[in-house]
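Worksheet for the structure shown next.
Number of protein chains: 2
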Amino acid sequence: MSPIPIYEKIYNDILDKIATKVLEPGDRIPSETELASQYGVSRMTVRQALDQLRTQHAVVKRRGSGTFVALSYGRSRRLNKLQAFRFEADLENANVRTDIKFQGRLDPPSAVADRLGLKPGQDAIRVQRVRIVEGRPAAIQDSWLPCSMVPQLAQVDLIDSSLYRTLTELCRIRLSWAEQEISASAATAEQAEWLMIKPGSPLIATTRITYQDSATPIEYSHGWSRPEFPLIVRLDA
Amino acid sequence: MSPIPIYEKIYNDILDKIATKVLEPGDRIPSETELASQYGVSRMTVRQALDQLRTQHAVVKRRGSGTFVALSYGRSRRLNKLQAFRFEADLENANVRTDIKFQGRLDPPSAVADRLGLKPGQDAIRVQRVRIVEGRPAAIQDSWLPCSMVPQLAQVDLIDSSLYRTLTELCRIRLSWAEQEISASAATAEQAEWLMIKPGSPLIATTRITYQDSATPIEYSHGWSRPEFPLIVRLDA
DNA sequence: GAGTGGTCTAGACCACATG
DNA sequence: ATGTGGTCTAGACCACTCA
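Keeping their order, the protein sequence lines are chains A and B.
Note that our numbering has the first sequence beginning at 1, numbered continuously upward.
Note that our numbering has the second sequence beginning at 238, numbered continuously upward.
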């Protein structure tokens with residue numbers, strides 16, 4: 001069997017057609033039977049591709065009527081995908097710079113060791129960054145990772161200053177899921193200085209644990225963003 | 238064919254077994270082949286049930302090894318489900334009271350009319366509430382709804398003070414999905430008074446549009462919560 | 001009535017994990 | 001070597017929508 005499943009190919013083909021505007025929001029896509037004969041596969045295989053598209057809200061199915069490109073596709077999947085970890089992902093056309101405040105190996109505080117499941121004596125790597133959008137400081141990101149899993153991270157230059165890209169591309173680590181807590185806080189003196197705002201100003205405060213697989217934490221991080229950079233979440237019934 | 242699909246029954250059966258601790262986190266559930274013969278159905282039907290469970294993170298599949306009850310099931314699906322709209326949903330054992338500050342029919346400001354897709358002259362209903370948890374004010378919720386869709390809402394008593402329950406149970410409206418923007422803000426004088434905090438204190442600020450179906454808005458709302466009541470989001474690869 | 005998606009069958013071969 | 005889940009087939013009948 002070919003290395004990539006057929007339904008994956010069908011899925012990608014349709015996603016491409018949406019991205020390149022061959023299929024536009026509201027358009028009907030070929031019926032399941034039609035796609036099956038086009039690709040020379042059985043209908044169940046086509047359905048597998050369409051199910052995947054539906055889960056991601058790329059298409060909407062209407063029984064008796066057809067399958068349609070979702071109206072809102074392209075917007076509104078900001079935070080539900082792990083991809084959103086890349087700070088840049090939501091700011092595609094923006095000019096993003098990064099100021100690395102600290103990067104190195106440390107004995108982690110106990111709160112960090114707990115979240116990462118580290119035993120006493122095991123080191124962690126801390127990466128502390130300020131993200132700058134269009135010349136203005138926008139967010140502070142403070143990440144901790146188990147040293148044993150990514151030893152090289154203590155010295156290496158981050159690809160594009162992106163921890164996400166460095167982990168996936170350089171360290172070959174597959175990020176799987178994350179739990180993120182979102183709150184608000186008043187800027188401390190240091191945060192205020194880094195973000196060029198007044199101490200006490202409200203900030204979006206996030207805490208995140210990212211997992212490699214169902215239960216192995218790979219990153220524990222805190223973030224503080226200026227309110228002009230809100231998070232967007234899509235909720236489903 | 239029976240009114241409810243077979244895979245739905247299998248799905249519910251397994252979910253029940255998890256809820257009643259017959260199956261505990263980490264346990265292996267019967268193999269697909271085994272379930273197929275137990276229920277007297279084909280394997281594809283069983284897979285449909287299991288896929289549904291996996292999408293909801295109730296189970297984890299491991300190729301060559303089996304299907305297992307997820308370790309974290311029960312926690313961590315807080316904000317991803319529309320059900321989370323019920324303010325109480327995340328505070329199950331907490332004592333929640335509600336102070337209704339305003340409930341009635343109004344000519345909506347243009348920002349509200351825009352989001353709800355109202356034409357000039359069409360009224361809206363505003364419901365402004367303060368949620369009180371364990372005797373302490375926790376959040377302000379300010380909702381706007383199209384009067385034409387829920388005219389009775391102007392006078393009726395909210396079921397349990399829950400807009401979510403009133404809409405679904407009394408108005409028979411099926412909420413479908415929502416887009417929520419999360420930011421932070423400093424408490425105004427009025428907000429500070431209602432929440433019994435100091436003016437200028439940081440608050441979690443949310444803006445939400447809830448839809449009845451793929452594109453019909455039914456609610457536009459703002460919320461301000463004290464930071465002690467963070468939101469939790471699960472992100473997937 | 002013709003076409004669509006929803007459900008379901010009874011098989012098959014494969015890649016992978018574990019003993 | 002055995003058993004698991006991953007992929008796939010070539011059909012089938014049903015419920016629904018729309019012309």
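In this text, a Cβ means the ideal position worked out from N, Cα and C, and glycines have one as well.
In this text, all values refer to a predicted model and were calculated from it rather than measured experimentally.
Going by C-alpha positions, W144 (chain A) is about 29 Å away from K298 (chain B).
When the Cα atoms are used, L272 (chain B) and N249 (chain B) turn out to be separated by approximately 13 Å.
The DSSP-derived three-state label of L203 (chain A) is strand. Here V306 (chain B) is buried. Its C-beta has 16 or more other C-beta atoms within 10 Å.
Against chain B, the CB of V69 (chain A) has no partner CB under 8 Å away; the residue lies outside that interface. As computed with DSSP, W144 (chain A) is found in a beta bridge with A:R126, A:Y220. The stretch 392 to 448 of chain B contains, as complete beta strand (DSSP E) runs of 3+ residues, the segments 414 to 423, 439 to 448 (chain order). Counting along the chain, the unbroken beta strand (DSSP E) around L231 (chain A) starts and ends at 231 to 236. Among the residues of the stretch 18 to 34 of chain A, none has a Cβ less than 9 Å away from any Cβ of chain B. Taking R208 (chain A) as the centre and dropping the five residues before and after it, the same chain places the C-beta of A178, Q180, S221 closer than 6 Å to its C-beta, in chain order.
Shown in chain order are the members of the stretch 447 to 470 of chain B whose Cβ falls below 7 Å from a Cβ of chain A: S451, A452, P464, P467, L468, I469, V470. The C-alpha of R402 (chain B) lies about 6 Å from the C-alpha of I396 (chain B). Proximity of the stretch 422 to 434 of chain B to the stretch 358 to 376 of chain B meets the contact definition, three or more beta-carbon pairs being nearer than 8 Å. If you check each beta-carbon in the stretch 180 to 205 of chain A against every beta-carbon of chain B, the ones closer than 8 Å belong to Q180, E181, I182, S183, A184, S185, A186, G200, S201, P202, L203, I204, A205.
The alpha carbon of Q141 (chain A) has as its nearest neighbour, out of A:L53, A:I182, A:S225, the alpha carbon of A:S225.
The criterion of a C-beta distance shorter than 8 Å is not satisfied by T292 (chain B) and I266 (chain B).
Within a 10 Å sphere around the beta-carbon of V112 (chain A) sit 16 or more other beta-carbons, which makes this residue buried. In the displayed model, A375 (chain B) falls within a strand according to three-state DSSP.
Interface annotation, A348 (chain B): not in contact with chain A, CB-CB separation never under 8 Å. Listed in chain order, the positions of the stretch 148 to 178 of chain A with a beta carbon within less than 8 Å of a beta carbon of chain B are R174, L175, S176, W177, A178. Against chain B, the CB of T55 (chain A) has a partner CB under 8 Å away; the residue lies at that interface. Counting C-beta atoms within 10 angstroms of its own C-beta, P262 (chain B) has fewer than 16 neighbours from the protein chains shown and is therefore classed as exposed.
Under the Cβ distance rule, V60 (chain A) counts among the residues neighbouring chain B, one pair being separated by less than 8 Å. With a threshold of 8 Å between beta carbons, L235 (chain A) makes contact with chain B.
With contacts defined by Cβ atoms closer than 8 Å, Q122 (chain A) and S161 (chain A) do not form a contacting pair. Secondary structure note for T257 (chain B): it is in no beta strand (DSSP E), with a DSSP letter that is neither H nor E. Per DSSP, reduced to three states, the secondary structure at S274 (chain B) is helical. The beta carbons of A49 (chain A) and Y7 (chain A) sit about 4 Å from each other, so the pair counts as a contact at 8 Å. Here L343 (chain B) is bridged, per DSSP, to B:A361. Assignment of beta-bridge partners to S462 (chain B) by DSSP yields B:A376, B:I441.
Taking a cut-off of 8 Å on C-beta distances, the stretch 182 to 191 of chain A does not touch the stretch 404 to 411 of chain B, as fewer than three cross pairs fall below it. S65 (chain A) sits exposed, since fewer than 16 C-beta atoms from the chains shown fall within 10 Å of its C-beta.
L163 (chain A) is not a Cβ neighbour of L175 (chain A), given a cutoff of 8 Å. The shortest C-alpha to C-alpha distance from R136 (chain A) to any of A:A19, A:G104, A:V96, A:E219 is the one to A:V96. With 16 or more other CB atoms across the displayed protein chains lying within 10 angstroms of its CB, R234 (chain A) is buried.
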